[in-house]
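Protein chains: 4
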Amino acid sequence: MTASVPSSLKSRKKPQQARANATLDAIFEATIQLLVKDGYPMLTTTWVAERAGVSVGTMYQYFPHKQALIYAVNERYLKILAEKIEHTCREAQGLPAAAMAEALIDTYWTAKTERPDVTRALYRSVVEMDNEALILEFAARTDAATTAMFATAPNKSFSDLQSVSRALVTVIFGTVRNSFERSHSEQEVSDLRGQLIAMCRAYIDSCVG
Amino acid sequence: MTASVPSSLKSRKKPQQARANATLDAIFEATIQLLVKDGYPMLTTTWVAERAGVSVGTMYQYFPHKQALIYAVNERYLKILAEKIEHTCREAQGLPAAAMAEALIDTYWTAKTERPDVTRALYRSVVEMDNEALILEFAARTDAATTAMFATAPNKSFSDLQSVSRALVTVIFGTVRNSFERSHSEQEVSDLRGQLIAMCRAYIDSCVG
Amino acid sequence: MTASVPSSLKSRKKPQQARANATLDAIFEATIQLLVKDGYPMLTTTWVAERAGVSVGTMYQYFPHKQALIYAVNERYLKILAEKIEHTCREAQGLPAAAMAEALIDTYWTAKTERPDVTRALYRSVVEMDNEALILEFAARTDAATTAMFATAPNKSFSDLQSVSRALVTVIFGTVRNSFERSHSEQEVSDLRGQLIAMCRAYIDSCVG
Amino acid sequence: MTASVPSSLKSRKKPQQARANATLDAIFEATIQLLVKDGYPMLTTTWVAERAGVSVGTMYQYFPHKQALIYAVNERYLKILAEKIEHTCREAQGLPAAAMAEALIDTYWTAKTERPDVTRALYRSVVEMDNEALILEFAARTDAATTAMFATAPNKSFSDLQSVSRALVTVIFGTVRNSFERSHSEQEVSDLRGQLIAMCRAYIDSCVG
DNA sequence: GATGAATGAGTGTTCATTCAT
DNA sequence: AATGAATGAACACTCATTCAT
Chain A
1 MTASVPSSLK SRKKPQQARA NATLDAIFEA TIQLLVKDGY PMLTTTWVAE RAGVSVGTMY
61 QYFPHKQALI YAVNERYLKI LAEKIEHTCR EAQGLPAAAM AEALIDTYWT AKTERPDVTR
121 ALYRSVVEMD NEALILEFAA RTDAATTAMF ATAPNKSFSD LQSVSRALVT VIFGTVRNSF
181 ERSHSEQEVS DLRGQLIAMC RAYIDSCVG
Chain B
210 MTASVPSSLK SRKKPQQARA NATLDAIFEA TIQLLVKDGY PMLTTTWVAE RAGVSVGTMY
270 QYFPHKQALI YAVNERYLKI LAEKIEHTCR EAQGLPAAAM AEALIDTYWT AKTERPDVTR
330 ALYRSVVEMD NEALILEFAA RTDAATTAMF ATAPNKSFSD LQSVSRALVT VIFGTVRNSF
390 ERSHSEQEVS DLRGQLIAMC RAYIDSCVG
Chain C
419 MTASVPSSLK SRKKPQQARA NATLDAIFEA TIQLLVKDGY PMLTTTWVAE RAGVSVGTMY
479 QYFPHKQALI YAVNERYLKI LAEKIEHTCR EAQGLPAAAM AEALIDTYWT AKTERPDVTR
539 ALYRSVVEMD NEALILEFAA RTDAATTAMF ATAPNKSFSD LQSVSRALVT VIFGTVRNSF
599 ERSHSEQEVS DLRGQLIAMC RAYIDSCVG
Chain D
628 MTASVPSSLK SRKKPQQARA NATLDAIFEA TIQLLVKDGY PMLTTTWVAE RAGVSVGTMY
688 QYFPHKQALI YAVNERYLKI LAEKIEHTCR EAQGLPAAAM AEALIDTYWT AKTERPDVTR
748 ALYRSVVEMD NEALILEFAA RTDAATTAMF ATAPNKSFSD LQSVSRALVT VIFGTVRNSF
808 ERSHSEQEVS DLRGQLIAMC RAYIDSCVG
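Protein chains in written order, with this note's numbering: chain A, 1 to 209; chain B, 210 to 418; chain C, 419 to 627; chain D, 628 to 836.
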């Protein structure tokens, strides 16, 4: 299930000094800013470099090509997101299953909504890039975390833990994305969020083994 | 909520003769083929025209931009999809609410899965294009159709029909898309589909007013 | 012996209209001018195009890349040179062998010296380009022409016509090139030319079968 | 006629320690290897330095330009070649003139053929570099050596020693180069070499004053 | 002295779009 | 109307050279 990261998309060097790290951060930040401001099609390597305060040459020291840059930005974003989810899953261990689902929804939705422009920009940045490996790794991490969490639910024992937790994750993530695309109003969003929680609770209740 | 179609993205002329229609079809077909074969980044207007058997000049008669072309292809795709959903909704009127949801899931999932390569290609064709209007119109049509359908459910009366039907639609569409992105195996897909149906049923049961 | 022309170096289209031919001529002329003026390393496609009065895009219609352009220029140059040599060889048929050699020397040296800057520029333009096929074809043509010529020499019959004529050609062409590289003075050149003629005559005389 | 060496092309420092000499050797060796392996267009200073086991910075201590590096490599190559020729000329003093010519041909051809890939690579390395001075110095040395040699020929006295010896040198060197370019087969090469010797002998015989 | 990370000017090439025929 | 040759702005990427450490 876990596809190996396409080597052509990896960064050229792992930053080992503080300076390099700062440079990388600047590049990431610049990339995201430009992505948000003008969208992927307008993103030029020269502009990213300039905005990041480095030369193009330096940027190419870190990223062998534009795709690798976009890849890295998405990678970092998903890594942080995965960590948040793992954190939530750890915290929620032992809670009632419905509360778990609610915590998951809350974390994911909040993370995505915090910087909606960034979320949207990254969703759209993905052309020209083979992001399958990224998605799969993210999926694997969240599946593992949620499965582990639901396994500790006190009052429920699921007939098929794997299936249920994967379904919940897929439904939640998918719903959030679709809601984004539909440009729901705040009112609609909060309503939808309530319905999604209700749906997950009803589903969990119906799953008792 | 309903955004008007950006006029810059509309086709230049409404086809009024059979010939023009055939040309349009050829262009659409060529576009989709190339999108599937090489992806959006490799799609050049010259190639589309050649593949469609017309000159670039002629193609620009129909579509003022590359974007307009992509827009039109997506528009047509969503139009057909919306019609399928409306058809299903009409057919399912009067059935039990759970059966309605199942019919909806079935129709949508089948439509998306029939030509997964096309689905994926179109998902990815959307950069450079402001597809919000498209999405909104599609959402409006499906919301209307599903709301109308659920209104005829015999044994249930929903406290908030709008909310519920919108939630169902968002969840279903989102789940399908997310499943696509995660590249689920056939086994996982059919399992997930079952869980989704169960989830919708549980949700609907819990909604009785 | 005749290597096929590397397909990657061929021009994209054979000119079929007068206009296209004029364009090609302009491009060739511009290329040679720039080659002479600044040398290969300074030759930019943009500049060639501008000087030729066409757009870069148009130039790329005719030549898939810079190398193909240089290749074509050399090809044309060698073609004309080969034709001159073939002409001389035809004219000289039936003359005494020594006169044949002298005619050959005369033609080749004159052709190379007429525009010494062009000669030098083309000699130097050859990096980055696999010109082996070009050289081999040129060699094959001149070998054939000279062999045919020497076969008609009245008072001599060569034990090994092939060998002798190839040797003469190689020696003559090589000498001219070397003389070029050494930047001989006019005086030295004309002296050398005389010596070369004497050498060929002596050689031919010594070859009688 | 003897052009002074362009100062911009000279190496920065004359190596005075063994260490520096070893470094220089490594750089030369690396340059030639890369030239042979990938050709001049692919030769980057960074690569040469890496291959030579020094930093780019250090390399720029020795050679102010890429051009200076190439210049130095060619200079060294021609220096060794000149020494070989001078050696041969010294050895051959007092022999019959024909034997002298043959010795010259033998030395030059062997030297060029020993490492044909290197020969070819250096021939092609010359773009971007003003190698006239190099060639002229080489020519001056070989002219001097051969003239001195032919002056000692016992049974011949040449009407114009200068002319004859320069002609012989030019013809021989040129022939070898042209043979190289035509990619003659081994058979053809050895045949051509025989013809060249015959030609020189006939010429010399015809030159007796 | 040595290093090699950083620089950024410079170039080949593409491709959406136009417009003369 | 239809064609497709011509356009040229735009961009990713390289690599000789420098200079702070």
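Beta carbons are placed, not taken as given, at the ideal position from N, Cα and C, and that holds for glycine.
Residue span of the alpha helix (DSSP H) that contains Glu137 (chain A), given as start and end
From DSSP, the alpha helix (DSSP H) with Glu137 (chain A) extends over 132–151.
Between which residues of its own chain and Ile523 (chain C) is the CB-CB distance below 8 Å, once the five residues before and five after are set aside?
Close CB contacts of Ile523 (chain C) within its chain, under the 8 Å cut and outside five residues either way in sequence, are with Ile590, Arg611, Leu614, Ile615, Cys618 (chain order).
If I follow the unbroken alpha helix (DSSP H) through Asn782 (chain D), where does it start and stop?
Looking at the DSSP string, Asn782 (chain D) is not in any alpha helix (DSSP H), and its letter there is neither H nor E.
Between Arg804 (chain D) and chain C, is any beta-carbon pair separated by less than 8 Å?
Using a CB distance cut-off of 8 Å, Arg804 (chain D) counts as an interface residue toward chain C.
CA-to-CA distance, Ser157 (chain A) to Cys207 (chain A), given in whole angstroms:
Taken atom to atom, the span from the alpha-carbon of Cys207 (chain A) to that of Ser157 (chain A) is near 8 Å.
Phe800 (chain D) at chain C interface by Cβ criterion, 8 Å:
Chain C, which has a Cβ nearer than 8 Å to the Cβ of Phe800 (chain D), makes this yes.
So for Val36 (chain A), helix, strand or coil by DSSP?
Under the three-state reduction of DSSP, Val36 (chain A) is assigned to helix.
Just to make sure I have the definition right: I need the residues of chain D whose C-beta is within less than 7 Å of the C-beta of Ile503 (chain C). Which are they?
Neighbours of Ile503 (chain C) on chain D: none; closest Cβ ~14 Å, over 7 Å.
For Val56 (chain A), which of helix, strand or coil comes out of DSSP?
Secondary structure at Val56 (chain A): helix, using DSSP grouped into helix, strand and coil.
Return yes when the Cβ of Val373 (chain B) is within less than 8 Å of the Cβ of Met321 (chain B), no when it is not.
What sits at residue 321 (chain B) in the sequence shown is Lys, not Met. No. Outside cutoff.
Across which residues does DSSP place Val803 (chain D) in a beta bridge pair?
DSSP links Val803 (chain D) through a beta bridge to no other residue.
DSSP three-state assignment for Val417 (chain B), whether helix, strand or coil:
The answer is strand: DSSP assigns Val417 (chain B) an E or B state.
Excluding the 5 residues flanking Ala444 (chain C) on each side, which residues of the same chain have their C-beta closer than 8 Å to its C-beta?
These residues qualify, in order along the chain: Ala470, Gly471, Val472.
Burial state of Asn596 (chain C) (16 or more Cβ within 10 Å):
Around the beta carbon of Asn596 (chain C), 16 or more other beta carbons lie within 10 angstroms, which makes this residue buried.
Partner residues on chain D for Ser577 (chain C), Cβ-Cβ distance less than 9 Å
Simply none; closest approach about 11 Å.
When DSSP labels each residue in this structure, what does Ala730 (chain D) get in the three-state scheme?
Note: Ala730 (chain D) maps to helix in three-state DSSP.
Of the listed residues A:Ser185, A:Arg120, A:Met100, nearest to Lys37 (chain A) (C-alpha basis):
Comparing alpha-carbon positions, the option among A:Ser185, A:Arg120, A:Met100 lying closest to Lys37 (chain A) turns out to be A:Arg120.
Which residues in the same chain as Asp414 (chain B) place their Cβ atom closer than 6 Å to its Cβ, once the five residues preceding and following it in sequence are excluded?
Same-chain partners within the cutoff: there are none.
With DSSP collapsed to three states, give me the class of His714 (chain D).
It is helical.
Is Ala139 (chain A) near Arg333 (chain B), with beta carbons less than 8 Å apart?
In this structure, Arg333 (chain B) does not lie closer than 8 Å to Ala139 (chain A) by Cβ.
Chain B beta carbons: is any one of them nearer than 8 Å to that of Tyr77 (chain A)?
Tyr77 (chain A) does not count as touching chain B.
Closer than 8 Å to chain D by CB, Pro482 (chain C)
By this cut-off, Pro482 (chain C) is not an interface position.
Amino acids of chain C, ordered along the chain, whose beta-carbon sits closer than 8 Å to that of Arg747 (chain D)
Ordered by position in chain C, no residue passes the 8 Å Cβ test against Arg747 (chain D), which lies about 11 Å from the chain.
Close beta carbons around Pro15 (chain A), own chain, < 7 Å, minus the five adjacent residues each side:
Below a pLDDT of 50, predicted positions are generally treated as unreliable, and Pro15 (chain A), at 48, falls in that range; the measurement from the model is reported next regardless. Counting only Cβ-Cβ distances below 7 Å, and skipping sequence neighbours, we find Asn21, Leu24.
Taking only the alpha-carbon atoms, compute the straight-line gap between Arg768 (chain D) and Leu761 (chain D) and give it to the nearest angstrom.
Roughly 11 Å separates the two Cα atoms.
Interface residues of chain D around Arg600 (chain C) at Cβ under 8 Å?
One finds Ile762, Leu763, Ala766, Thr797 in chain D with Cβ atoms closer than 8 Å to the Cβ of Arg600 (chain C), taken in chain order.
As a quick exercise: from B:Leu331, B:Ala362, B:Phe359, pick the residue whose alpha carbon is nearest that of Tyr286 (chain B).
Closest by alpha carbon: B:Leu331.
Given a limit of 7 Å on CB to CB distance, which residues of the segment 657–668 of chain D reach chain C?
Hits within the stretch, in order: Tyr667, Pro668.
Can you find the residues in the same chain that come closer than 7 Å, C-beta to C-beta, to Thr525 (chain C), ignoring five residues on each side of it along the sequence?
Cβ contact annotation for Thr525 (chain C) (same chain, cutoff 7 Å, sequence separation greater than five): Lys502, Ile503, Thr506, in chain order.
Residue-level contact to chain C via CB, Asp733 (chain D), 8 Å cutoff
So, not an interface residue.
Going by alpha carbons, who is nearest to Asp787 (chain D) out of C:Ala516, C:Leu579, C:Asp609?
In terms of CA proximity to Asp787 (chain D), C:Asp609 leads the group C:Ala516, C:Leu579, C:Asp609.
Range covered by the alpha helix (DSSP H) that runs through Arg124 (chain A):
From DSSP, the alpha helix (DSSP H) with Arg124 (chain A) extends over 116–124.
Residues of chain B with CB under 9 Å from Val208 (chain A), in chain order?
Result: empty, since nearest Cβ-Cβ is about 11 Å, beyond 9 Å.
Assuming Pro781 (chain D) and Pro743 (chain D) form a contact by the criterion Cβ under 8 Å, report the distance between their Cβ atoms to the nearest whole angstrom.
Between Pro743 (chain D) and Pro781 (chain D) the Cβ distance is about 36 Å, and since that is not below 8 Å, they are no contact.
Let me check understanding here. Comparing Cα to Cα, which of B:Glu395, B:Ala308, B:Gln276 lies closest to Asp339 (chain B)?
The candidate whose alpha carbon is nearest that of Asp339 (chain B) is B:Gln276.
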